Amino acid sequence: MNIFECIFNRRSTRSFKSDSVDDKLIGVMLYSATHAPSTGNTQDWHFVVVKEEEIKKSLAEAALQQGFVAEAPVVIVVCIDKEAASMRYGKRGETFYSIQDTASATMIMMLAAHALGLKTCWVGAFDEDKVGHILELPNQLRPVAIVPVGYSGETPKKPRRIPFEQLTSVNTYGKKYDIAYAVRPGDKGKEYKFKQIGNYLEDIFKKKLEEAGDKRPKEKKKLTFTEFLRRLSS
Numbered sequence: 022m023n024i025f026e027c028i029f030n031r032r033s034t035r036s037f038k039s040d041s042v043d044d045k046l047i048g049v050m051l052y053s054a055t056h057a058p059s060t061g062n063t064q065d066w067h068f069v070v071v072k073e074e075e076i077k078k079s080l081a082e083a084a085l086q087q088g089f090v091a092e093a094p095v096v097i098v099v100c101i102d103k104e105a106a107s108m109r110y111g112k113r114g115e116t117f118y119s120i121q122d123t124a125s126a127t128m129i130m131m132l133a134a135h136a137l138g139l140k141t142c143w144v145g146a147f148d149e150d151k152v153g154h155i156l157e158l159p160n161q162l163r164p165v166a167i168v169p170v171g172y173s174g175e176t177p178k179k180p181r182r183i184p185f186e187q188l189t190s191v192n193t194y195g196k197k198y199d200i201a202y203a204v205r206p207g208d209k210g211k212e213y214k215f216k217q218i219g220n221y222l223e224d225i226f227k228k229k230l231e232e233a234g235d236k237r238p239k240e241k242k243k244l245t246f247t248e249f250l251r252r253l254s255s
């Protein structure tokens, strides 16, 4: 699975099986997360891996009663280390840069999970004080994301995406950034057709899925750490 397949096909999952997750795969996720960019390379993050059932239930309650948090076999709480964040950049480092840093780490961790055949969901709605109390966090750690991790039988539909052209300006605000790709027609003599980049990529992925047809496995085989290492070295 390449990086673009990870980006385009990842989905937030809110239903998990009770199947356990190999700690070594969690290790791959966390190792990947630590390769995220951070302001001045402060690496101002801390990860709390939760597997204890009662603690997961408490986290689900603190996350505004989102029960699926407790269903996942593993829950990772991403925290800001406020002391590390403010050491070089003061208040701005603590309140702004650190959010960017931990968000980058969280996203990379979730993409790594998807590449490993695991499902995740980024949970941001929770009571920070309650989570801090549940996890016995020291004062310098601020929880900013809860990420349940596990296997799931559901395949959520792709949510509607606003075309990036509608969300982008070039040089100054309001000047449309319009990128089209000239698609060669099947019949000679016909004019080239121009498609927006996003639409063209969607067509490619749709075609790949149609060509795969029944060859696609109904449920992917779980990727073991040994198999991951084999793919990594091949």
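Start counting at 1 in the sequence shown, then tack on 21, and there's your number in our numbering. The beta carbon of each residue, even a glycine, is placed where N, CA and C say it ideally should be. Here the structure is a predicted model, which is why all the values come from computation and not from measurement.
For residue i, count neighbouring C-beta atoms within 10 Å of its own C-beta (all shown protein chains included) and say buried if the count is 16 or more, exposed if not.
| i | result |
| --- | --- |
| Gln-187 | exposed |
| Ile-101 | buried |
| Ile-97 | buried |
| Val-50 | A quick correction: the sequence has Met, not Val, at residue 50. By the neighbour-count rule (16 or more Cβ atoms within 10 Å), Met-50 is buried. |
| Thr-189 | exposed |
| Glu-92 | buried |
| Pro-177 | exposed |
| Thr-141 | buried |
| Pro-94 | buried |
| Asp-122 | buried |
| Lys-77 | buried |
| His-135 | buried |
| Ser-255 | exposed |
| Ala-201 | exposed |
Taking the alpha-carbon positions, what's the residue i to residue j distance?
| i | j | result |
| --- | --- | --- |
| Gly-145 | Thr-193 | 32 Å |
| Met-199 | Lys-228 | The amino acid at residue 199 is misidentified as Met; the sequence shows Asp. One C-alpha to the other measures close to 24 Å. |
| Thr-152 | Gln-86 | Rather than Thr, the amino acid found at residue 152 in this sequence is Val. Taking the straight line joining both Cα atoms gives about 13 Å. |
| Gly-210 | Val-191 | Summary for Gly-210: the model assigns pLDDT 49, below 50, so the residue's position carries little reliability; its value from the coordinates is reported in the next sentence. If you take the alpha carbons of Gly-210 and Val-191, they lie about 34 Å apart. |
| Tyr-52 | Ala-133 | 9 Å |
| Glu-231 | Lys-242 | 21 Å |
| Phe-29 | Leu-156 | 33 Å |
| His-67 | Ser-119 | 11 Å |
| Leu-80 | Arg-35 | 15 Å |
| Thr-116 | Pro-180 | 31 Å |
| Ile-24 | Phe-147 | 30 Å |
| Leu-244 | Ser-59 | 30 Å |
With a threshold of 6 Å on Cβ separation, who are the neighbours of residue i within its own chain once the five nearest residues in sequence on each side are excluded?
| i | result |
| --- | --- |
| Ala-54 | Ala-126, Ile-129 and Met-130 |
| Ala-105 | Thr-63 and Asp-65 |
| Pro-184 | Gly-219 |
| Phe-249 | none |
| Glu-26 | none |
Given residue i, which residues of its chain have a CB within under 7 Å of its CB, disregarding the five upstream and five downstream residues?
| i | result |
| --- | --- |
| Lys-38 | Gly-171, Tyr-172, Ser-173 and Gly-174 |
| Gln-161 | Asp-102, Lys-103 and Glu-104 |
| Met-22 | Ala-136 |
| Trp-143 | Ser-33, Thr-127, Met-131, Ala-166 and Val-168 |
Whole-angstrom Cβ separation of residue i and residue j, contact assumed at under 8 Å?
| i | j | result |
| --- | --- | --- |
| Val-99 | Ala-57 | Between Ala-57 and Val-99 the Cβ distance is about 11 Å, and since that is not below 8 Å, they are no contact. |
| Leu-158 | Leu-46 | Not quite, the Cβ-Cβ distance comes to about 25 Å (not below 8 Å), so this is no contact. |
| Glu-149 | Pro-169 | No, Glu-149 and Pro-169 are not in contact; Cβ-Cβ is about 17 Å, not under 8 Å. |
| Val-70 | Leu-139 | Contact doesn't hold; Cβ gap of about 13 Å is too wide. |
Once the 5 residues before and after residue i are set aside, which same chain residues still bring their CB inside 8 Å of it?
| i | result |
| --- | --- |
| Met-108 | Thr-63 and Gly-114 |
| Glu-74 | Ala-91 |
Hey, which unbroken runs of the beta strand (DSSP E) at 3 residues or more fall wholly within the region 48-114?
-> Runs found: 66-71 and 95-102.
Contiguous beta strand (DSSP E) assignments of at least 3 residues, all confined to the region 130-177 = If only complete runs of 3 or more residues are kept, the region 130-177 shows the beta strand (DSSP E) at 162-171, in order along the chain.
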